[in-house]
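Beneath this line is the structure, given in structure tokens, with notes to follow.
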Amino acid sequence: MEPVLIVLVVLVVVAFIALIKTIQVIPQASAAIVERFGRYTRTLNAGLNIVVPFIDRVRNRIDLREQVVPFPPQPVITQDNLVVNIDTVIYYQVTDPRAATYEVASYIQAIEQLTVTTLRNIIGSMDLESTLTSREVINAGLRGVLDEATGKWGIRVNRVELKAIEPPTSIQDSMEKQMRADRDKRAAILTAEGQRQAQILKAEGEKQAEVLKAEGEAQAAVLRADGEAAAIRTVFEAIHDGDADQKLLAYQYLQTLPELAKGDSNKLWIIPSEVGDALKGLGGAFTGLTGNGGVNGGAVAAPSAAAPAATQVPLDPSAGPRPLDTDTKGAARPRVDPAREYRKIDPE
1 MEPVLIVLVV LVVVAFIALI KTIQVIPQAS AAIVERFGRY TRTLNAGLNI VVPFIDRVRN
61 RIDLREQVVP FPPQPVITQD NLVVNIDTVI YYQVTDPRAA TYEVASYIQA IEQLTVTTLR
121 NIIGSMDLES TLTSREVINA GLRGVLDEAT GKWGIRVNRV ELKAIEPPTS IQDSMEKQMR
181 ADRDKRAAIL TAEGQRQAQI LKAEGEKQAE VLKAEGEAQA AVLRADGEAA AIRTVFEAIH
241 DGDADQKLLA YQYLQTLPEL AKGDSNKLWI IPSEVGDALK GLGGAFTGLT GNGGVNGGAV
301 AAPSAAAPAA TQVPLDPSAG PRPLDTDTKG AARPRVDPAR EYRKIDPE
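Following this note's numbering, the numbering of the sequence shown begins with 1 at its first residue and continues without gaps.
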């Protein structure tokens with residue numbers, strides 16, 4: 001009984017192992033390659049699959065999702081003989097599990113090497129400045145070459161990105177200095193532009209102020225001239241309407257004489273020669289008053305040669321003419337009022 005039991009146990013174990021090998025569960029977005037006696041038979045898709053145990057063998061399982069593979073920095077020489085390190089990232093997806101299994105030994109390594117060689121070819125025809133500013137051009141060139149090469153491997157390259165482009169340290173220092181110099185230059189230009197605009201605005205403001213000031217002065221001068229002209233016209237009309245004679249003009253002329261002595265700094269003042277003519281006219285006025293019903297009631301005798309050398313003239317001519325009186329010889333002469341102040345005028 002014991003040998004029979006052992007055989008039964010062995011058969012049960014073999015049957016259980018065969019059952020396990022017969023039922024293959026493939027996850028979603030995955031595929032499996034089945035070989036029968038070492039030859040490709042079929043591809044197992046997602047779900048429950050049945051294979052012949054001990055005859056069919058699942059070689060490998062392939063992930064059909066999009067994969068992201070970063071490659072380490074690769075030294076690349078530019079057209080101007082500068083070595084730059086470039087990091088790349090590849091986004092790919094397996095579209096044919098059979099081709100990815102049998103057409104290439106390791107599609108990851110193949111993609112990496114193809115990326116490095118293609119990158120060197122593209123960067124080798126560009127200088128450093130173009131390399132730093134032409135990422136889209138480099139990405140498009142890499143993707144075109146990789147799509148063409150990996151299509152027969154059952155791989156589709158969806159995207160290629162340059163993660164970093166690192167020039168040499170000396171070049172980085174030079175670029176930083178150049179950038180700093182450019183920024184200082186732009187700052188100096190902006191400062192100069194600001195100062196120029198400020199000076200222009202200031203000059204325009206001063207110009208407008210001077211123009212407005214000149215216009216104001218011109219208008220003020222015109223108004224003053226108009227006022228003076230109007231005043232002169234009014235005085236002239238008043239004189240013309242009043243029919244002033246020579247006697248009144250002589251009297252007004254004598255009224256302006258005290259203005260010559262005004263001012264603390266006046267030590268000496270000169271009487272014009274026309275004062276004599278004014279005095280003669282004013283004396284004639286006095287003579288006319290005496291002859292027309294004055295104190296003596298008749299003609300006034302001519303002044304004698306013994307008349308005083310100086311004539312007293314009132315300081316305030318607006319008080320009117322001095323009253324006449326007669327001396328001891330009967331000659332008419334102006335009366336001296338003690339309550340009034342007089343100025344001595346030399347007729348000569």
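Quick reminder that beta carbons are idealized off the backbone N, C-alpha and C, glycines included.
So, helix, strand or coil for residue i, using DSSP?
i: threonine 115; result: helix
i: leucine 162; result: strand
i: proline 97; result: helix
i: leucine 64; result: coil
i: isoleucine 363; result: One cannot answer for residue 363 here, as it falls past the ends of the chain, which runs 1 to 348.
i: leucine 44; result: strand
i: isoleucine 108; result: helix
i: isoleucine 55; result: coil
i: phenylalanine 37; result: coil
i: alanine 29; result: coil
i: aspartate 173; result: helix
i: aspartate 87; result: strand
i: proline 258; result: helix
i: leucine 289; result: Any reading at leucine 289 must be qualified, since the residue scores a pLDDT of 49, below 50, and its modelled position is unreliable; the value itself is stated next. Helix.
i: asparagine 49; result: strand
i: proline 3; result: helix
i: glutamine 74; result: strand
i: glutamine 219; result: helix
i: glutamine 208; result: helix
Using the beta-carbon count (16 or more within 10 Å), is residue i buried or exposed?
i: alanine 301; result: Low per-residue confidence applies at alanine 301: pLDDT is 40, beneath 50, and the placement is therefore not dependable, though the value from the model is reported in the following sentence. Exposed, because fewer than 16 other Cβ atoms sit within 10 Å of the Cβ of alanine 301.
i: leucine 212; result: exposed
i: threonine 191; result: exposed
i: glycine 144; result: exposed
i: aspartate 226; result: exposed
i: aspartate 56; result: buried
i: valine 52; result: exposed
i: valine 235; result: exposed
i: isoleucine 23; result: exposed
Could you compute how far the alpha carbon of residue i sits from the alpha carbon of residue j?
i: leucine 5; j: isoleucine 17; result: 18 Å
i: glutamine 113; j: glutamine 178; result: 36 Å
i: alanine 99; j: valine 13; result: 37 Å
i: asparagine 158; j: valine 89; result: 11 Å
i: proline 70; j: aspartate 87; result: 8 Å
i: glutamine 74; j: alanine 181; result: 31 Å
i: alanine 198; j: arginine 183; result: 22 Å
i: lysine 163; j: isoleucine 171; result: 19 Å
i: aspartate 147; j: threonine 115; result: 11 Å
i: alanine 214; j: histidine 240; result: 38 Å
i: arginine 186; j: leucine 142; result: 37 Å
i: glutamate 210; j: glutamate 237; result: 39 Å
i: glutamate 206; j: isoleucine 138; result: 59 Å
i: arginine 61; j: valine 10; result: 31 Å
i: serine 174; j: valine 104; result: 45 Å
i: glycine 38; j: tyrosine 102; result: 12 Å
i: arginine 233; j: arginine 196; result: 54 Å
i: valine 7; j: alanine 15; result: 12 Å
i: glutamate 136; j: glutamine 109; result: 24 Å
i: serine 304; j: proline 258; result: Here the model assigns serine 304 a pLDDT of 40, short of 50, so the residue's position is not dependable, and the following value carries that caveat. One C-alpha to the other measures close to 29 Å.
i: asparagine 370; j: valine 160; result: Only positions 1 to 348 of the chain appear in the structure, and residue 370 is not among them; the question remains open.
i: proline 140; j: glutamate 129; result: Note that residue 140 is alanine in the sequence shown, not proline. Their backbone Cα atoms lie some 18 Å apart in a straight line.
i: valine 222; j: alanine 230; result: 12 Å
i: glycine 216; j: glutamate 204; result: 18 Å
Excluding the 5 residues preceding and the 5 following residue i in the sequence, name in chain order all residues of the same chain whose CB lies nearer than 6 Å to its CB.
i: arginine 59; result: Ile33, Glu35
i: tyrosine 107; result: Ala100, Trp153, Ile155
i: glutamine 67; result: Tyr92
List the whole-angstrom C-beta distance separating residue i from residue j, where the pair is believed to meet the contact cut-off of C-beta under 8 Å.
i: serine 125; j: glutamine 79; result: 6 Å
i: isoleucine 111; j: valine 76; result: No, isoleucine 111 and valine 76 are not in contact; Cβ-Cβ is about 17 Å, not under 8 Å.
Between which residues of its own chain and residue i is the CB-CB distance below 8 Å, once the five residues before and five after are set aside?
i: phenylalanine 54; result: Ala18, Lys21
i: alanine 46; result: Ile26, Pro27, Gln28, Ala29, Ser30, Ala31
i: threonine 43; result: Ala31, Ala32, Ile33, Val34, Pro97, Arg98
i: proline 168; result: Leu82, Val83, Val84
i: aspartate 63; result: Ala29, Ser30, Val94
i: alanine 220; result: none
Sorted by chain position, which residues of the same chain lie with C-beta nearer than 7 Å to residue i's C-beta, five sequence neighbours on each side aside?
i: isoleucine 165; result: Val84, Ile86, Thr131, Leu132
Closest Cβ-Cβ distance between residue i and chain C: below 9 Å?
i: tyrosine 102; result: Protein chain content of the structure displayed is limited to a single chain, and chain C is not contained in it.
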